[in-house]
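Start counting the sequence shown at 35; every next residue gets the next number (this note's numbering). By construction, the Cβ of each residue, glycine as well, lies at the ideal position given by its N, Cα and C atoms. All values derive from a computational prediction rather than experimental measurement.
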Amino acid sequence: MAKILVTGIAGFIGFHLANKLLARGEEVIGIDNLNDYYDVNLKKARLTQLKSKSNFQFNKLELADTPAISELFTVVSPEKVVHLAAQPGVRYSLKNPHAYINSNIMGTMNILEGCRHGEVKHLVFASSSSVYGANFKQPFSVTDNVDHPVSLYAATKKSNELMIHSYSHLYKIPATCLRFFTVYGPWGRPDMALFLFTKAILAGEPINVFNHGKMRRDFTYIDDIIEGVIRVMDNVAQPNPNWSSLNPEPGSSYAPYKVYNIGNNQPVELLKFIEVLETSIGKKAIKNMLPLQAGDVLETYADIEDLSRDTGFKPETPIEVGIPRFVEWYKTYYNQ
């Protein structure tokens, strides 16, 4: 049994991760600010389920509140930290950029200082496939250069990876960064396409289909994401003895630092995704075809060879399985 601090505990991924950790007997300390970026009631409903477990405790905190985060680490002394909390969303970063600096940059700084002074044994960080930005080479590999983000959200996630590496180097903090690829499933975020599409189709309202549906995403089911996170958390990052400063490999380091992709390794065109959703709901969508939005990329596709080799795990849930599970949850949760 380990004492694990999970940030963003009331979020989509945080909730599912906490459930899995609690079920295997870990002590989970969760923090979240319960902001209103999306429906707070959904976050509270997730928390209600977690609070019924005796090995769970919750702290409502702002990541950017330096004294509060410092005190938390002092009081709790977590062995491991899974840092999921962030201001999410590519499109929202065009409207409210300051939120991303406060939460993603300042917040991660405070978590790093907590890990440093608390002698945390492993920090696992939720990065994003968005860091690949303007890259066209497919599939995206952790060995690729990711210096050309196309949104501020992506830029903050890449910045976080760099900050974490510097702390891993300076203070020998074992750290792993996980680049998630389009996560979906029950209890999902209301700002994500699957949630928005389901809500609109059931209400008989049109859905906005950007780039006329000619985009491909590596949709990854939540259970696969959680299995990947836990396997990586248990597999503490080690220095790469073969790392060379003459030919630096971006996915690992001479420091105890590692980067993995967690994706389904099977990109799906958006129109196909909508087709499966229509079948699951039993109703056709009214499509409002629109051009590509600023900050969006045309395709994401995860190379997961490193993840599979090092953890023995490979996400495999197809959208034909994952989407109906989401629709079933949605109809139950909203009494439809």
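**OP:** Output the distance between the C-alpha atoms of residue 117 and residue 108, rounded to the nearest integer angstrom.
**Re:** 17 Å
Original post:
Touching or not, the stretch 338 to 349 and the stretch 303 to 310, by the rule of three or more beta carbon pairs under 8 Å?
Top reply: no
**OP:** Examine the Cβ distances between the stretch 244 to 259 and the stretch 349 to 363 and report whether three or more of them are shorter than 8 Å.
**Re:** yes
Subject >> Own chain, CB closer than 6 Å to residue 258, minus 5 neighbours either side, in chain order >> reply: 349 and 351
Subject >> Sequence ranges, beta strand (DSSP E) only - wholly within the stretch 43 to 122, length at least 3 >> reply: Listed in chain order, the complete beta strand (DSSP E) runs (minimum 3 residues) inside the stretch 43 to 122 are 61 to 66, 90 to 94 and 114 to 117.
Subject >> N-terminal and C-terminal residue of the alpha helix (DSSP H) that residue 203 is part of >> reply: 186 to 205
**OP:** Starting from the Cα of residue 177, find the closest Cα among 334, 284, 41 and 299 and give me that residue.
**Re:** 284
Original post:
In terms of DSSP beta bridges, what is residue 336 paired with?
Top reply: In the DSSP assignment, residue 336 is bridged to 174.
Original post:
Going straight from the alpha carbon of residue 325 to that of residue 246, what length do you get?
Top reply: 6 Å
Subject >> Euclidean distance between Cα positions of residue 126 and residue 69 >> reply: 14 Å
Original post:
How would you write the range of the beta strand (DSSP E) that residue 162 sits in, first residue to last?
Top reply: 156 to 162
**OP:** Report back the beta-carbon spacing between residue 210 and residue 266 to the nearest angstrom; my notes put them in contact at under 8 Å.
**Re:** Correct: roughly 5 Å between the Cβ atoms.
Original post:
Closest to residue 337 by CA distance: which of 305, 303, 212 and 278 is it?
Top reply: 212
Subject >> Beta-ladder partner(s) of residue 229, from DSSP >> reply: Residue 229 is not bridged to any residue.
Original post:
So what's residue 288 in DSSP terms, helix, strand or just coil?
Top reply: coil
**OP:** Give the straight-line distance between the Cα atoms of residue 238 and residue 313, rounded to the nearest whole angstrom.
**Re:** 15 Å
Subject >> First and last residue of the uninterrupted alpha helix (DSSP H) at residue 180 >> reply: Note, residue 180: premise wrong, no alpha helix (DSSP H); not H, not E.
Subject >> Residues of its chain near residue 179, where Cβ-Cβ distance is below 8 Å and the 5 sequence neighbours each way are ignored >> reply: 169 and 284
Original post:
Beta-carbon separation of residue 113 and residue 38 under 8 Å?
Top reply: yes
**OP:** Indicate, with yes or no, if the ligand ADP has a heavy atom lying under 7 Å from the CB of residue 110.
**Re:** Summarising the ligand content, the structure contains no ligands, and the ligand ADP is consequently not present.
Original post:
What residue from 208, 223 and 156 has the CA that sits closest to residue 73's CA?
Top reply: 223
Subject >> Nearest residue (CA-CA) to residue 139, options 185, 197 and 129 >> reply: For residue 139, the closest C-alpha among the options 185, 197 and 129 is that of 197.
Subject >> Cβ pair residue 79, residue 156 closer than 8 Å >> reply: no
Original post:
With DSSP run on the structure shown, which of helix, strand or coil describes residue 133?
Top reply: Looking at residue 133 - three-state DSSP - the assignment turns out to be helix.
Subject >> Residue interval of the alpha helix (DSSP H) (run including residue 358) >> reply: Counted as a single uninterrupted DSSP element, the alpha helix (DSSP H) harbouring residue 358 occupies residues 353 to 367.
Original post:
For residue 438, which option in 134, 144 and 195 has the closest C-alpha, if you only look at C-alpha atoms?
Top reply: Summary: the structure shown does not reach residue 438, with the chain confined to residues 35 through 370, and so no result is reported for it.
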